[in-house]
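Enquirer: Those protein sequence lines, which keep their order, are chains Y and B. No gaps in the numbering here: position 135 of the first sequence is 135 in the numbering used here, and each next residue is one more. No gaps in the numbering here: position 104 of the second sequence is 104 in the numbering used here, and each next residue is one more. In this text, a Cβ means the ideal position worked out from N, Cα and C, and glycines have one as well. Here it is, the structure in full.
There are 2 protein chains.
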Amino acid sequence: MTIFVTMDKLINYLLEFGQLNQQQLDLIKRKAQVLELKKGNYFSEAGKIPRQVAFIEEGIFRVCYYNSEGDEITKYFVDENNFVVDIYSFNQKIPSSEYVQAVTDCTLLVFSTESLNDLSATIIQWDSIINKITEKALVDKVNKLSPMLAEDATTRYLNFLEKFPNLANRIPLSYLASYLGITQSSLSRIRKSI
Amino acid sequence: MTIFVTMDKLINYLLEFGQLNQQQLDLIKRKAQVLELKKGNYFSEAGKIPRQVAFIEEGIFRVCYYNSEGDEITKYFVDENNFVVDIYSFNQKIPSSEYVQAVTDCTLLVFSTESLNDLSATIIQWDSIINKITEKALVDKVNKLSPMLAEDATTRYLNFLEKFPNLANRIPLSYLASYLGITQSSLSRIRKSI
DNA sequence: AAAAACATTTGCCATTTGGCAAATAATGAA
DNA sequence: TTCATTATTTGCCAAATGGCAAATGTTTTT
Numbered sequence: 001m002t003i004f005v006t007m008d009k010l011i012n013y014l015l016e017f018g019q020l021n022q023q024q025l026d027l028i029k030r031k032a033q034v035l036e037l038k039k040g041n042y043f044s045e046a047g048k049i050p051r052q053v054a055f056i057e058e059g060i061f062r063v064c065y066y067n068s069e070g071d072e073i074t075k076y077f078v079d080e081n082n083f084v085v086d087i088y089s090f091n092q093k094i095p096s097s098e099y100v101q102a103v104t105d106c107t108l109l110v111f112s113t114e115s116l117n118d119l120s121a122t123i124i125q126w127d128s129i130i131n132k133i134t135e136k137a138l139v140d141k142v143n144k145l146s147p148m149l150a151e152d153a154t155t156r157y158l159n160f161l162e163k164f165p166n167l168a169n170r171i172p173l174s175y176l177a178s179y180l181g182i183t184q185s186s187l188s189r190i191r192k193s194i
Numbered sequence: 001m002t003i004f005v006t007m008d009k010l011i012n013y014l015l016e017f018g019q020l021n022q023q024q025l026d027l028i029k030r031k032a033q034v035l036e037l038k039k040g041n042y043f044s045e046a047g048k049i050p051r052q053v054a055f056i057e058e059g060i061f062r063v064c065y066y067n068s069e070g071d072e073i074t075k076y077f078v079d080e081n082n083f084v085v086d087i088y089s090f091n092q093k094i095p096s097s098e099y100v101q102a103v104t105d106c107t108l109l110v111f112s113t114e115s116l117n118d119l120s121a122t123i124i125q126w127d128s129i130i131n132k133i134t135e136k137a138l139v140d141k142v143n144k145l146s147p148m149l150a151e152d153a154t155t156r157y158l159n160f161l162e163k164f165p166n167l168a169n170r171i172p173l174s175y176l177a178s179y180l181g182i183t184q185s186s187l188s189r190i191r192k193s194i
């Protein structure tokens, strides 16, 4: 007896990247495990080898690390309808250098390494779908970061507001400031000036 | 009768990502076409669907585009021992939104879409190797860009100097300034101050 | 409720970077 | 070589951002 969850978001997302029949979809659903993660908790941590991949049903994560000066840097945010994982460490089976933290309460569909291996072995299109998803996720990150370098802090903040309208005032200033590449006081002033 | 080229760099690079026997390596070499590209010329252009992938044997490229203000932005540089292509447009078969331009004279090993399809159909590990390469290239770009946001312009310039020691004074200031996210005059001043 | 701990805002001033235009240097064409 | 074109540097000043510490506000603990 399994908990009934439609997993519609996941299914629709996967179908954007390849065709899957009902039997395959059922198998995928059986391999996914629902996980609720409270705001502030970590899905994976620096120093550990990631052994799971999560599809975000609900909520927002951030990926962060500590630079050589010891500053905590938010590398990017990931919201619902996306997978989140340190993909490089996961695939290479090496310890991650970053944290994946829930910035809101989150509902995840979690796949273990073993489940993914099973899916890869059973579903002929699986690898192709996963590779397309991975590639798109990474290309999107590059395309997001690249123009930010040429934008001023206010523009970067406004773009963040557009992408995550309800988040800006619900997360610590430090998360956002380090993502935008500015100090907390500058961000505070930018907020006031808008 | 084919031109004799060892293609050592390419072979060694591929072998970092998977095993290939001599027969497979020979096939790969036969599918690659040597292309010399003079400084300033384009390997691929915005508006066109990319139909080739290049391995850079020698030389340096930049990938650039025009933002909504019409400024030319250098998204990143790619040097020898790397593949270069607008991977997203290439795979999706959609027109690229960026230019791939030689910033020095370059020697390339070019693979057409058809060659890559043949290799994919013939060499069982091919897709896996290519996916690993793609993933690493993109992860590297994200990891390069992300900390730049928190660095000041001088630091970004010094890091560029470290990565491309011989390039800084041989390419137009505009290429480098737009990559660093600063104006040409600022870069000029930073240069003087070092 | 009070205290402690933590997060955000603000003031003050220094530093960095930008904008613009003129001066200078380098490059390429005739 | 000389002229024309393009690229780079520089001066001047304005705007953006940072650094630091104090003030204020918020949350958590006791």
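Quick one: what's F83/Y bridged to in DSSP?
Expert: F55/Y
Enquirer: Under the three-state reduction of DSSP, which class applies to V103/B: helix, strand or coil?
Expert: Three-state DSSP puts V103/B in coil, outside helix and strand.
Enquirer: Strictly under 8 Å for the Cβ-Cβ distance: is L149/B near chain Y by that measure?
Expert: yes
Enquirer: Is it buried or exposed for L15/Y, if we count other Cβ within 10 angstroms and need 16 for buried?
Expert: exposed
Enquirer: Name the residue from S97/B, F160/B, A102/B whose alpha carbon lies nearest to the alpha carbon of F216/B.
Expert: With chain B represented from 1 up to 194, any question about residue 216/B goes unanswered, as that position is not in the structure.
Enquirer: State yes or no: is the beta carbon of I60/Y nearer than 8 Å to at least one beta carbon in chain B?
Expert: no
Enquirer: Helix, strand or coil: which one does DSSP assign to G48/Y?
Expert: A small fix is needed here, since residue 48/Y is Lys in this sequence, not Gly. K48/Y falls in the coil class under three-state DSSP.
Enquirer: What number of angstroms, rounded off, separates the C-alpha of Y42/B from the C-alpha of A46/Y?
Expert: 41 Å
Enquirer: Candidates L145/B, E98/B, Q19/B, N81/B: which alpha carbon is nearest L108/B's?
Expert: Comparing Cα positions, the closest option is N81/B.
Enquirer: Measuring only the C-alpha atoms, how far is T183/B from T154/Y?
Expert: 18 Å
Enquirer: Are the Cβ atoms of I133/Y and F17/Y separated by less than 8 Å?
Expert: A contact, by the Cβ cut-off of 8 Å.
Enquirer: Looking only at its own chain, which residues have a Cβ that is under 8 Å from the Cβ of E72/Y, when we skip the five neighbours before and after it?
Expert: C64, Y65, Y66, S174, S178
Enquirer: Going along the segment 162-177 of chain B in order, which residues come within less than 8 Å of chain Y, judged by CB to CB distance?
Expert: Listed by position, the residues of the segment 162-177 of chain B near chain Y (Cβ gap below 8 Å) amount to none.
Enquirer: Does the beta-carbon of N131/B have 16 or more other beta-carbons within 10 angstroms, so that it is buried, or is it exposed?
Expert: buried
Enquirer: Return the first residue and the last residue of the alpha helix (DSSP H) that Q23/Y is part of.
Expert: 22-31
Enquirer: Return helix, strand or coil for F160/B, following the three-state DSSP convention.
Expert: helix
Enquirer: Closer than 8 Å is the cut-off here; do at least three beta carbon pairs connect the segment 136-150 of chain B with the segment 137-155 of chain Y?
Expert: yes
Enquirer: With H, G and I counted as helix, E and B as strand and the rest as coil, what does DSSP make of R170/Y?
Expert: coil
Enquirer: On a Cα-Cα basis, can you pick out the residue from I129/B, T113/B, E98/B that is closest to K75/B?
Expert: E98/B
Enquirer: For T86/B, count the other beta carbons within 10 Å of its own beta carbon; 16 or more makes it buried, fewer makes it exposed. Which is it?
Expert: It is worth fixing the name first, because residue 86/B is Asp in this sequence and not Thr. Burial call: buried.
Enquirer: Within 10 angstroms of its Cβ, does V34/B collect 16 or more other Cβ (buried), or is it exposed?
Expert: exposed
Enquirer: Give me the residue from S112/B, N169/B, Y157/B, S146/B with the minimum Cα distance to R30/B.
Expert: S112/B
Enquirer: Could you tell me how far apart the beta carbons of F160/Y and L180/Y are, in whole angstroms, since I believe they sit closer than 8 Å?
Expert: 7 Å
Enquirer: With DSSP collapsed to three states, give me the class of L35/B.
Expert: strand
Enquirer: Would you verify that the beta carbon of E72/B is, or is not, closer than 8 Å to some beta carbon of chain Y?
Expert: no
Enquirer: Which residues of the segment 30-51 of chain Y have a Cβ closer than 9 Å to any Cβ of chain B? Give them in chain order.
Expert: none
Enquirer: Can you tell me the Cα-Cα spacing of T122/Y and S115/Y, whole angstroms?
Expert: 10 Å
Enquirer: Check whether the Cβ atoms of L27/Y and L119/Y sit closer than 8 Å, and answer yes or no.
Expert: yes
Enquirer: Quick check on this structure: which residue in G70/B, V100/B, S68/B has the alpha carbon closest to the alpha carbon of F214/B?
Expert: Given that chain B is displayed from residue 1 to residue 194, the structure contains no residue 214/B and the question cannot be resolved.
Enquirer: Closest Cβ-Cβ distance between S186/Y and chain B: below 8 Å?
Expert: Not one beta carbon of chain B lies nearer than 8 Å to the beta carbon of S186/Y.
Enquirer: Let me make sure I understand the geometry here. Which of A150/B, S68/B, E36/B has the alpha-carbon closest to that of F61/B?
Expert: E36/B
Enquirer: Would you say S96/B and K136/B are within 8 Å of each other, going by their C-beta atoms?
Expert: A distance of 8 Å or more separates the beta carbons of S96/B and K136/B.
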